[in-house]
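Take 50 as the starting number for the sequence shown in my numbering and just add one per residue.
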Amino acid sequence: MNFGFMKAESAPPNGREVAVIGAGPSGLATAGYLACLGYQVQVYDKLPKPGGLMVFGIPSHRIPADRIQRGVRDLERRLGVIFRTNTKICCSAPMHEEEGDHFACDILSLNDLVDNYDAVMICSGSWKSRKLGIQGETLKGVYSGLEFLFPIRAIQYASTNVSVPDVRGKRVAVVGAGHSAVDVVDSAISLGADKVSLLYRRTAKEAPCGSYEIDRMREMGCQWLERCTPVAIHGTDKVEGIEFRNAVSGEQETLPVDVVVGAIGEFPTPPFQKELGLENVRRGEVRWLNMTALDNVFVAGDVLSGPSKIGKAVYSGLRAARSLSNWLDLKAQHRESEYNFDEDKMTR
Numbered sequence: 050m051n052f053g054f055m056k057a058e059s060a061p062p063n064g065r066e067v068a069v070i071g072a073g074p075s076g077l078a079t080a081g082y083l084a085c086l087g088y089q090v091q092v093y094d095k096l097p098k099p100g101g102l103m104v105f106g107i108p109s110h111r112i113p114a115d116r117i118q119r120g121v122r123d124l125e126r127r128l129g130v131i132f133r134t135n136t137k138i139c140c141s142a143p144m145h146e147e148e149g150d151h152f153a154c155d156i157l158s159l160n161d162l163v164d165n166y167d168a169v170m171i172c173s174g175s176w177k178s179r180k181l182g183i184q185g186e187t188l189k190g191v192y193s194g195l196e197f198l199f200p201i202r203a204i205q206y207a208s209t210n211v212s213v214p215d216v217r218g219k220r221v222a223v224v225g226a227g228h229s230a231v232d233v234v235d236s237a238i239s240l241g242a243d244k245v246s247l248l249y250r251r252t253a254k255e256a257p258c259g260s261y262e263i264d265r266m267r268e269m270g271c272q273w274l275e276r277c278t279p280v281a282i283h284g285t286d287k288v289e290g291i292e293f294r295n296a297v298s299g300e301q302e303t304l305p306v307d308v309v310v311g312a313i314g315e316f317p318t319p320p321f322q323k324e325l326g327l328e329n330v331r332r333g334e335v336r337w338l339n340m341t342a343l344d345n346v347f348v349a350g351d352v353l354s355g356p357s358k359i360g361k362a363v364y365s366g367l368r369a370a371r372s373l374s375n376w377l378d379l380k381a382q383h384r385e386s387e388y389n390f391d392e393d394k395m396t397r
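Printed below as a string of structure tokens:
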């Protein structure tokens, strides 16, 4: 993956330094764009390797990790991007509430970066899973999508702190029908689950993953249960079954299972969301594209829009990086008032 595609050769330094928080697709795109313009870019990430969910969440058969790492090496060697891994930037959520927080060896505040760089780009992604919000969700054997998928890829980097979910010979119920749910089904089957069932509250035609993935899961032996809404997880000390409302029969049924995975999406927990005025950024109620309430602090990717496809996150990072560079150029000449936000919105 070529994140520094704008130039074949390294650009001469322009004397400016930018910090990027997050080494996922939007952060890597931002780093590549700015480095091609001559910026000294340092990327901070809590995980031990750059790549974000492309490396630690999405199975390698979808995105081979070596392709991502080749792109990262190109940023380092050709464009001089510096990666500071295992470093968490303090955010509005307590430590260890998000997947991957336990990898962080160093903790910095957002103010540390604001004080030491010409600008900061926040691309910290979406690392906190949505809960099902039903009875029994705290039982042993219940996972969120990220809780289930993350250790499978992360164990090669920290075998003492990470353990792969034990599903061999067990019955697994997966809730959801997006690509994360499909990845959980794939992983559960490859880990030796005895039976995998997927419950979705709507029909196959409405499933975000698409008909191809549904057909493929069925061919792998996954049981597809549509128009089924979970209402409770049953068990004493561990999961014994999941109760759901069947919209077809109009009755509530219980499926005997040993493991439940709620793969219904994630949401971002960016550093100081209220202070940065991110809701205003999302609505476009800002004086400069993608800039937060703090001058010189920008935001891009899933942390702004919520979980999205990789291409959209990359595009967001590129657009925000261009906005950041334009801001610093005009600010250096005291010409910020010349910026036309409406024109930028129309041409982006």
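Beta carbons: idealized from backbone N, C-alpha and C, even for Gly.
Source: prediction; values computed, not measured.
Residue pairing by DSSP places residue 192 opposite 310 in a beta bridge. Judged by DSSP in its simplified three-state form, residue 168 adopts strand.
Counting only runs of 3 or more residues that sit fully inside the region 323-383, the beta strand (DSSP E) segments are 346-348, in chain order.
Here residue 316 has 175, 177, 179 and 355 as same chain residues with Cβ atoms under 7 Å from its own Cβ, once five neighbours each way along the sequence are excluded. Cβ contact annotation for residue 79 (same chain, cutoff 7 Å, sequence separation greater than five): 69, 170, 172, 349, 366, 369 and 370, in chain order. In the DSSP annotation of this structure, the continuous segment of the alpha helix (DSSP H) that includes residue 105 starts and ends at 102-105. According to the DSSP assignment, residue 93 belongs to the beta strand (DSSP E) that extends over 89-93.
Taking C-alpha positions only, residue 307 is separated from residue 218 by approximately 10 Å.
Rounded to the nearest whole angstrom, the CA to CA distance from residue 251 to residue 276 is 5 Å. With fewer than 16 neighbouring CB atoms inside 10 Å of its own CB, residue 360 falls in the exposed class.
When 206, 190 and 247 are compared, the shortest CA-CA separation from residue 227 is found for 247.
For the pair residue 326 and residue 122, the Cα-to-Cα distance works out to about 34 Å. By the Cβ criterion, the region 105-123 is in contact with the region 187-202, since at least three pairs of Cβ atoms, one from each stretch, lie closer than 8 Å.
Apart from sequence neighbours up to five positions away, the residues of its chain that approach residue 258 with a beta-carbon distance below 8 Å are 226, 227, 228, 230 and 231, ordered along the chain.
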